[in-house]
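full-length UniProt numbering applies: residue 1 is where the sequence shown begins, and numbers increase by one.
Only one structure is covered here, and it is reproduced in the block below.
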Amino acid sequence: MDAPLADVCRATSAAPYYFPPHNFETTKPFNLVDGGVAANNPTFLAVCEAMKEQKKDFHKFVILSLGTGATNESGKLEVGDGEWGIFDWLWQDDNSTPLLDILTTASDEMTEMYMSKVFHYSGLEHNYTRIQVELKHSEAQMDNSSKENLESLEKIGQNLAKNNDAKLEDFASRLVKIRKARLAHMPA
């Protein structure tokens, strides 16, 4: 199939509400939207795919799951009364998108809960690391490319890296130990 990387990138960022599906053709035509529609946090799907392809169980996996930010207002999300129609669910006057917010938040939180519980109950909690940042609604708006918002997001990213430095160092050390152990068992 060998789709051009530019087409893959455009398709994976074609978020409904904001962008139209991306159309391209290789051996067949494709009309694709952002993968977040099906799996906003694809960690679980990646583990399943790796297990299938590598023929290994998840006990051998060491995962660093990096989020792209979640609105801190998700716990405060209010839905309307019985008078809400389809347009109220899709778009509000404050530019919020209640239905989309509910679906992506639920998907993210369920994947995070499932992954952390599976690794924890298997005694492998150190094999799964999740880093996510809480964003204000205005910072999380995908169509807000104002200079102020981009500068704010850059600062948030820098703080996120700084605040998770120990977690990232621990993860890197773990990978180094695993690599050394594998090399020690390789035939010369």
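Quick reminder that beta carbons are idealized off the backbone N, C-alpha and C, glycines included.
(message) Which residue marks the beginning of the beta strand (DSSP E) containing residue 23, and which one marks its end?
(response) Boundaries of the beta strand (DSSP E) harbouring residue 23: 22-25, taken from the DSSP string.
(message) Please classify residue 87 as buried or exposed, where buried requires at least 16 other C-beta atoms within 10 Å of its C-beta.
(response) With fewer than 16 other Cβ atoms from the protein chains shown falling within 10 Å of its own Cβ, residue 87 counts as exposed.
(request) Establish whether the CB of residue 71 and some CB of chain D are separated by less than 8 Å. (result) Absent from the structure is chain D; it holds one protein chain and no more.
(request) Compute the beta-carbon to beta-carbon distance between residue 1 and residue 43, rounded to the nearest angstrom, for a pair I have assumed lies under 8 Å. (result) Distance from residue 1 to residue 43 at the Cβ level is roughly 24 Å; contact not present, criterion being Cβ atoms closer than 8 Å.
(request) Would you give the residue range spanned by the alpha helix (DSSP H) that residue 164 belongs to? (result) For residue 164, no alpha helix (DSSP H) segment is defined, and its DSSP state is neither H nor E.
(message) Can you check which of these residues, 128, 40 and 56, is closest to residue 117 by C-alpha distance?
(response) Among 128, 40 and 56, the Cα nearest to that of residue 117 is on 128.
(request) Could you check what DSSP says for residue 152 in three-state terms: helix, strand or coil? (result) Helix, per DSSP.
(request) Check each candidate in 59, 69, 103 and 114 and name the one with the smallest Cα separation from residue 154. (result) Nearest in C-alpha terms to residue 154, of all of 59, 69, 103 and 114, is 69.
(message) Using C-beta distances below 7 Å, list every residue in its chain close to residue 152, excluding the 5 sequence neighbours before and after it, in chain order.
(response) Excluding sequence neighbours, residue 152 sits near 139.
(request) Would you kindly work out how many angstroms separate the C-alpha atoms of residue 56 and residue 108, rounded to a whole number? (result) Inter-residue distance for residue 56 and residue 108 is about 25 Å (C-alpha atoms, whole angstroms).
(message) Is the separation between the beta-carbon of residue 31 and that of residue 23 shorter than 8 Å?
(response) The beta carbons of residue 31 and residue 23 sit closer together than 8 Å.
(message) I'd like to know whether the C-beta atoms of residue 175 and residue 8 end up nearer to each other than 8 Å.
(response) Not a contact, by the Cβ cut-off of 8 Å.
(request) Go ahead and label residue 36 buried or exposed: buried means 16 or more other beta carbons lie within 10 angstroms of its beta carbon, across all protein chains shown. (result) It is buried - the Cβ of residue 36 has at least 16 other Cβ atoms within 10 Å.
(request) State the DSSP-derived secondary structure class of residue 30, mapped to helix, strand or coil. (result) In this structure, residue 30 counts as strand in the three-state DSSP scheme.
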